[in-house]
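Numbering (full-length UniProt numbering), first residue to last: 1 to 235. Just so you know, even glycine gets a beta-carbon here, dropped at the ideal spot from N, CA and C. Only one structure is covered here, and it is reproduced in the block below.
This is the structure we're talking about:
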């Protein structure tokens with residue numbers, strides 16, 4: 001992608017369900033705007049589009065869809081947002097994104113019969129985040145939070161598999177953050193990380209997610225795997 005001068009940063013929040021992502025996203029956007037830094041909140045799935053409405057019905061268990069089909073709908077929901085996202089980033093607006101392609105891959109490949117490499121393919125080429133803030137919270141702790149179990153995937157055993165899948169996608173853009181802190185304590189950490197990322201992103205290219213040039217071999221617990229980007233794989 002072309003070089004964007006003084007562009008906004010693409011900051012993604014990931015984590016298992018009920019880890020506090022939505023709350024922290026909102027607080028960060030509010031804080032950045034109060035600091036005079038243009039920032040906008042973006043959520044995936046975007047339930048306001050035609051595709052998003054279908055996804056919402058599925059998540060609320062109002063309809064059934066084949067696993068491959070719903071994964072591709074989630075992916076399409078991200079791709080349809082790309083032109084507007086790029087426009088905002090190029091104008092200097094930082095995007096704070098509540099879930100992204102990593103969620104799509106982690107959740108879909110936690111199902112039986114869906115391979116992680118297959119799940120990644122339709123996501124290849126999406127704008128690559130400048131940072132992924134991963135809020136770490138055990139599924140057991142998450143299950144004690146309000147409204148847990150309301151949507152389709154909020155089951156402890158499934159969330160365990162999702163958490164394992166996230167670990168296979170980490171690279172040096174990931175920042176692992178303890179989500180068991182209070183809301184305000186967590187916000188303090190998140191804001192400090194975000195300000196560093198925003199400053200570093202200025203004048204840099206926006207990368208493309210999971211393209212061939214970003215793949216390199218690494219190991220997790222002694223097991224070889226492909227690692228995204230050119231990082232060291234923290235976390």
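What does a CB cutoff of less than 7 Å around residue i pick up in its chain, not counting 5 residues either side in sequence?
i: residue 89; result: 4, 7, 8, 10, 95, 206
i: residue 232; result: Any reading at residue 232 needs caution, since the residue's pLDDT is 30, under 50, leaving its predicted position unreliable; the model's value is listed next. Within the same chain, residue 232 has close Cβ partners 172.
i: residue 162; result: 16, 106, 107, 110
What are the partner residues of residue i, as DSSP defines its beta bridges?
i: residue 51; result: Residue 51 is not bridged to any residue.
i: residue 24; result: According to DSSP, which records beta bridges pairwise, residue 24 is partnered with nothing at all.
i: residue 135; result: 177
Identify, in the order they occur along the chain, each residue of the same chain with its Cβ nearer than 6 Å to the Cβ of residue i, setting aside the five sequence neighbours on each side.
i: residue 65; result: 58
i: residue 43; result: 98
i: residue 22; result: 98
i: residue 111; result: 67
i: residue 20; result: 135, 179
i: residue 12; result: 97, 100, 129, 132
i: residue 193; result: 175
i: residue 220; result: Caution applies to residue 220, whose pLDDT of 41 falls short of 50 and renders its modelled position unreliable; the model cannot decide the point.
i: residue 235; result: The predicted model places residue 235 with a pLDDT of 34, which falls under 50 and marks its position as unreliable; any figure quoted below should be read in that light. Only 170, 174, 176 meet the Cβ criterion.
What span of residues does the beta strand (DSSP E) with residue i cover, start to end?
i: residue 14; result: 10-14
Ends of the alpha helix (DSSP H) at residue i?
i: residue 39; result: First-last for residue 39: 39-43, but that is the beta strand (DSSP E), not the alpha helix (DSSP H).
i: residue 177; result: Note, residue 177: premise wrong, no alpha helix (DSSP H); beta strand (DSSP E) at 174-178.
i: residue 166; result: 156-167
i: residue 184; result: 183-201
Excluding sequence positions up to five away, which residues of its chain have a Cβ less than 8 Å from the Cβ of residue i?
i: residue 123; result: 75, 78, 101, 104, 105, 209, 210
i: residue 141; result: 180
i: residue 85; result: 10, 42, 95, 127
Taking 6 Å as the cut-off, does the CB of residue i come closer than this to any heavy atom belonging to the ligand SAH?
i: residue 180; result: No copy of the ligand SAH occurs in the structure displayed, which carries no ligand at all.
Does the Cβ-Cβ distance between residue i and residue j come in under 7 Å?
i: residue 40; j: residue 93; result: yes
i: residue 45; j: residue 37; result: no
i: residue 239; j: residue 28; result: Past the boundaries of the shown model lies residue 239; the chain is included only from 1 to 235, so the question cannot be answered.
i: residue 51; j: residue 73; result: yes
Please check if any C-beta of chain D sits within less than 7 Å of the C-beta of residue i.
i: residue 192; result: Protein chain content of the structure displayed is limited to a single chain, and chain D is not contained in it.
* Asked: In chain order, which beta strand (DSSP E) runs of at least 3 residues are fully inside the region 62-133?
  -> 94-98
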